[in-house]
Amino acid sequence: MIELASPKSCTACQACVNVCPKHSISMNPDKEGFLQPVINREMCIECGTCQRKCPALNDLRFTPKEQRAYAMISNQDRTLSSSGGAFSVFSRMILNQGGIVFGATLDKNLQCRHIGIEDVSDLFRLRGAKYVQSDVGSTFLEVKKNLLKNRKVLFSGTPCQVAGLYSYLGKRYDDLLVTLDLICHGVPNQQTFNSYLNKLASAKHKKVTDFQFRKMDSWSIIPSVKYNNGKWERLDLWENAYMDAFFKGITFRESCFNCKYCNLNRQGTFTIADFWGVGGGAQPFKKNVAQGVSLVIDNQGKISDYIDEISQLAYIEERPLSEAVEKQHNLKLPMQRCPERDFAIRLMLDDDVSLFEFAKQCGLPHKKTIKHFFVRTVKNMIDRLGLYNLYKTVSYKMGKTS
Ligand SMILES: Cc1cc2nc3c(=O)[nH]c(=O)nc-3n(C[C@H](O)[C@H](O)[C@H](O)COP(=O)(O)OP(=O)(O)OC[C@H]3O[C@@H](n4cnc5c(N)ncnc54)[C@H](O)[C@@H]3O)c2cc1C
Ligand code: SF4
Ligand code: SF4
Ligand code: SF4
234 MIELASPKSC
244 TACQACVNVC
254 PKHSISMNPD
264 KEGFLQPVIN
274 REMCIECGTC
284 QRKCPALNDL
294 RFTPKEQRAY
304 AMISNQDRTL
314 SSSGGAFSVF
324 SRMILNQGGI
334 VFGATLDKNL
344 QCRHIGIEDV
354 SDLFRLRGAK
364 YVQSDVGSTF
374 LEVKKNLLKN
384 RKVLFSGTPC
394 QVAGLYSYLG
404 KRYDDLLVTL
414 DLICHGVPNQ
424 QTFNSYLNKL
434 ASAKHKKVTD
444 FQFRKMDSWS
454 IIPSVKYNNG
464 KWERLDLWEN
474 AYMDAFFKGI
484 TFRESCFNCK
494 YCNLNRQGTF
504 TIADFWGVGG
514 GAQPFKKNVA
524 QGVSLVIDNQ
534 GKISDYIDEI
544 SQLAYIEERP
554 LSEAVEKQHN
564 LKLPMQRCPE
574 RDFAIRLMLD
584 DDVSLFEFAK
594 QCGLPHKKTI
604 KHFFVRTVKN
614 MIDRLGLYNL
624 YKTVSYKMGK
634 TS
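Under the working numbering, residues 234 to 635 are what the sequence shown spells out, in order.
Put into structure tokens, the structure is as follows:
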């Protein structure tokens, strides 16, 4: 009988769903809310294609060659992006050539899913990291359809999604397809995020209408929420428990703890990330870092094919690969599984548990202390006086990179 990857190793990349000739695989949430593939045995003809294409059941397809690291700062999109705007630089390049770009959006119901865009004016829908697993749906089929029409395509996603796409396609299509794989810390699921938003709304007696995981005009991870009064509010202490849990890794998918992509054996044409630690080694980095710098790793020796277009859209500088790896834990190892991981997910999904109680029971920041009050007051003052970027530059030079 055909068996797919176990819930421990399945990444929900959906290569199996997209490849099944009988459309007999669907993705259903398990009891923790993580999407898992389920075969409809009545429709299945046991052809075995899903097993052969599953990246979790097979060795990685490609090995990188001539890997080099670059620091990149977009001319137009830096202050609208998570770090230096590398995603937008590559996207503009593809869109300017009449291509299509696939990436993750947070839709109007705050559900994270992959979509395709065909115009630069829609780039805002994909910009910004969403720290929740994106549902790729049928985007692999859409990618293939466009490639077969000889159209340029960019696909951006977590490394397991990029590996899933290549498995599904069966070849690289390097002349038409550019893939960007993110350095990836791990992913919580949509149900956990929904529960968090519900807890937040009920504690504040307001409706949540929008959410931002990061501050976009710097590379700091300061999430904020928009309520139905139209105001954005910065999240702090127990209100920020979702992101605190994310950094602690206590709400991640099981596959993230034994992820085969947390290393330099990258599948994407390029790897993109925040360039934490740029200029920290022997080679100084002369640009201001306060508003964010992207790391780009060229995994296939392809950057020379695009360098003219990139140079018009961004500042780009080659950096030592060792500098790129130095501060990126997830280029060396997957996140370690914490003993409280199952408990934390159960608690977040329990409607009777308040957000404050969740933060407290999971050992996350929840109570005002004198130290917290002092730090918060100084940060608010820095913000109000417009000195944020100066503060970031100084703290970065002192070795504090987040
Ligand atoms: C779950 C997750 C974990 C990450 N972990 C790290 C890390 O450990 N270290 C690090 O340096 N960087 C990490 N990143 C990447 C980082 O947050 C930035 O997204 C990246 O540096 C790109 O920044 P940018 O300025 O080019 O563009 P942005 O405009 O911010 O680009 C965002 C890009 O990320 C894609 N994206 C956003 N959310 C998701 C999602 N949920 N699933 C798939 N794709 C998504 C979008 O499609 C778009 O292509 C992570 C991102 C995600 C989504
Ligand atoms: S192809 Fe992807 S979604 Fe399907 S079983 Fe394998 S890892 Fe899971
Ligand atoms: S064995 Fe073939 S028909 Fe059955 S689920 Fe897998 S791909 Fe679909
Ligand atoms: S940590 Fe690995 S398995 Fe988890 S989402 Fe990221 S790439 Fe996929």
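Heads up, the beta-carbon is just placed ideally off N, CA and C, and yes, glycines get one too.
Burial state of residue i (16 or more Cβ within 10 Å)
{"i": "Pro-640", "result": "The chain is shown only over 234 to 635; residue 640 falls outside these bounds and no answer can be derived."}
{"i": "Lys-436", "result": "According to the sequence shown, residue 436 is Ala rather than Lys. Classification of Ala-436: exposed, given that the 10 Å Cβ count is below 16."}
{"i": "Ser-259", "result": "exposed"}
{"i": "Ile-306", "result": "buried"}
{"i": "Thr-391", "result": "buried"}
{"i": "His-605", "result": "exposed"}
{"i": "Pro-567", "result": "buried"}
{"i": "Gln-423", "result": "buried"}
{"i": "Asn-308", "result": "exposed"}
{"i": "Thr-425", "result": "buried"}
{"i": "His-438", "result": "exposed"}
{"i": "Phe-267", "result": "buried"}
{"i": "Asn-563", "result": "buried"}
{"i": "His-347", "result": "buried"}
{"i": "Met-476", "result": "buried"}
{"i": "Pro-421", "result": "buried"}
{"i": "Phe-607", "result": "exposed"}
{"i": "Gln-569", "result": "exposed"}
{"i": "Gly-336", "result": "buried"}
{"i": "Gly-281", "result": "exposed"}
{"i": "Gly-403", "result": "exposed"}
Residue-level contact to chain C via CB, residue i, 8 Å cutoff
{"i": "Lys-565", "result": "Absent from the structure: chain C. Only one protein chain is present."}
Nonlocal neighbours in the same chain, by C-beta distance under 6 Å from residue i, ignoring five residues either side
{"i": "Tyr-364", "result": "Phe-446 and Phe-479"}
{"i": "Gly-534", "result": "Lys-298 and Glu-299"}
{"i": "Trp-465", "result": "Ser-457 and Lys-459"}
{"i": "Asp-443", "result": "Lys-459"}
{"i": "Ile-454", "result": "Arg-447"}
{"i": "Gly-596", "result": "none"}
{"i": "Gln-183", "result": "This structure gives no information on residue 183, because the portion of the chain shown stretches from 234 to 635."}
8 Å Cβ shell around residue i - same chain, five flanking residues per side excluded
{"i": "Arg-384", "result": "Gly-331, Gly-332, Ile-333 and Leu-409"}
{"i": "Ile-327", "result": "Ile-333, Val-334, Lys-385, Val-386, Leu-387 and Val-411"}
{"i": "Asp-584", "result": "Ser-428 and Asn-431"}
{"i": "Leu-470", "result": "Ala-592, Pro-598, His-599, Lys-600, Lys-601 and His-605"}
Sequence-distant residues of its chain with Cβ nearer than 7 Å to residue i (five each side left out)
{"i": "Leu-290", "result": "Ala-238 and Gln-284"}
{"i": "Leu-374", "result": "Asn-251"}
{"i": "Val-353", "result": "Arg-325 and Leu-328"}
{"i": "Gln-394", "result": "Cys-246 and Val-369"}
{"i": "Lys-286", "result": "Ala-248, Cys-249, Val-252, Ser-400 and Tyr-401"}
{"i": "Gln-594", "result": "Leu-580"}
{"i": "Asn-532", "result": "Pro-297, Gln-300, Arg-499, Gly-501, Thr-502, Phe-503 and Thr-504"}
{"i": "Ser-257", "result": "Ile-272, Asn-273, Met-276 and Cys-277"}
{"i": "Gln-344", "result": "Gln-423"}
Item to check | Complete alpha helix (DSSP H) runs within the region 390 to 469 (minimum length 4 residues, chain order) | outcome: 392 to 402 and 423 to 437
Checklist entry - For ligand 4, which residues count as neighbours when the test is a C-beta closer than 5 Å to any heavy atom? => result Thr-244, Thr-391, Pro-392, Cys-393, Cys-417, Gly-419, Val-420, Ser-488, Cys-489, Cys-492 and Tyr-494
Next on the checklist: Assess contact between the region 573 to 586 and the region 468 to 486, defined as three or more Cβ pairs (one per stretch) separated by less than 8 Å. Is contact present?
Outcome noted: yes
Next on the checklist: For the pair the region 413 to 433 and the region 491 to 506, tell me if three or more CB-CB distances fall below 8 Å.
Outcome noted: yes
Checklist entry - Using 8 Å as the Cβ pair cut-off and three pairs as the minimum, do the region 491 to 500 and the region 537 to 546 touch? => result no
Checklist entry - Which parts of the region 487 to 561 are runs of the alpha helix (DSSP H), unbroken and 4 residues or longer, counting only runs that do not cross its ends? => result 536 to 546 and 554 to 559
Item to check | Whole runs of the beta strand (DSSP E) within the region 322 to 364, excluding any shorter than 3 residues | outcome: 333 to 339 and 345 to 350
Next on the checklist: Tell me whether the region 316 to 324 and the region 515 to 528 touch, counting them as touching only if at least three CB pairs, one residue from each stretch, are closer than 8 Å.
Outcome noted: yes
Item to check | the region 510 to 520 contacting the region 551 to 564, beta-carbon criterion three pairs below 8 Å | outcome: yes
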